[in-house]
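Colleague: Be aware that the sequence shown starts at 51, since it is given in my numbering, and climbs by one per residue.
Glycine included, C-beta positions come from ideal geometry on N, C-alpha and C.
Here it is: the structure, laid out below.
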Amino acid sequence: MARDPGRELIRVSLAQQQLELLGDGEILRRFRISTAIKGAGELCGSECTPRGWHEIRAKIGAGCAAGCVFVGRRPTGELYSEELGQRYPERDWILTRILWLRGLERGCNLLGDVDSMRRYIYLHGCPDSEPMGIPRSHGCIRMRNTDIMEVFDRVSVTTRVWIQEGKFDADTPSMPLC
């Protein structure tokens, strides 16, 4: 039976490097992820993963092949390969699908110098050679390409995303916190 769009919730634990996809309050799937190597933080230029309530502002890449390379949220026409990665080792690879996040908490992750959307914070695919379960990103939430495709297909624009520094507990806080 198909779920009602918008009833899903995504929870992210920076401590556990894990993402949970919930539907109707139940955990549907858990995924290993990789968040910012510099930890949690909201300031523009910090290269940290922002905390708090967000929503999916845009879904980018529907219909693109797994491994499709994005620059500036646009497909380049390239498909990621180990050879391409070696040719451009300085690139921060954004692959397959993008779920662009918009902060919902004014002064915490919305507007001013803490705006998650203006920081281009995404959930996105990355090379399969990149480790999951340890922080390695520049602020975004990296996922395996097959995992981001699954999440992309199960959520809608405006799906809520809760990002917390600590481990998951039973309850997700009501929004907003700030």
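Measuring straight from C-alpha to C-alpha, what distance separates F218 and Q66?
Modeller: The straight-line gap from Cα to Cα measures roughly 8 Å.
Colleague: Taking only runs that begin and end inside the segment 121-155, name each unbroken alpha helix (DSSP H) of 4 or more residues, in chain order.
Modeller: The segment 121-155 contains these whole alpha helix (DSSP H) runs: 132-137.
Colleague: Can you name the start and end residues of the alpha helix (DSSP H) that V211 belongs to?
Modeller: Not the alpha helix (DSSP H): V211 falls in the beta strand (DSSP E), residues 210-214.
Colleague: Start and end of the beta strand (DSSP E) containing E76?
Modeller: Residues 76-82.
Colleague: Mind checking whether I83 and V207 have CB atoms under 7 Å apart?
Modeller: Cβ distance not < 7 Å, so I83 and V207 don't count as in contact.
Colleague: Which term fits C94, buried or exposed, when burial requires 16 or more other beta carbons within 10 angstroms of its beta carbon?
Modeller: By the neighbour-count rule (16 or more Cβ atoms within 10 Å), C94 is not buried but exposed.
Colleague: Using the Cβ count rule (16 or more neighbours within 10 Å means buried), how would you classify G183?
Modeller: It is exposed - the Cβ of G183 has fewer than 16 other Cβ atoms within 10 Å.
Colleague: Do V201 and L71 have their beta-carbon atoms positioned less than 7 Å apart in this structure?
Modeller: Yes, the Cβ-Cβ distance between L71 and V201 is below 7 Å.
Colleague: So, using beta-carbon positions, are P100 and I148 closer together than 7 Å?
Modeller: No, these two residues do not count as a Cβ contact at 7 Å.
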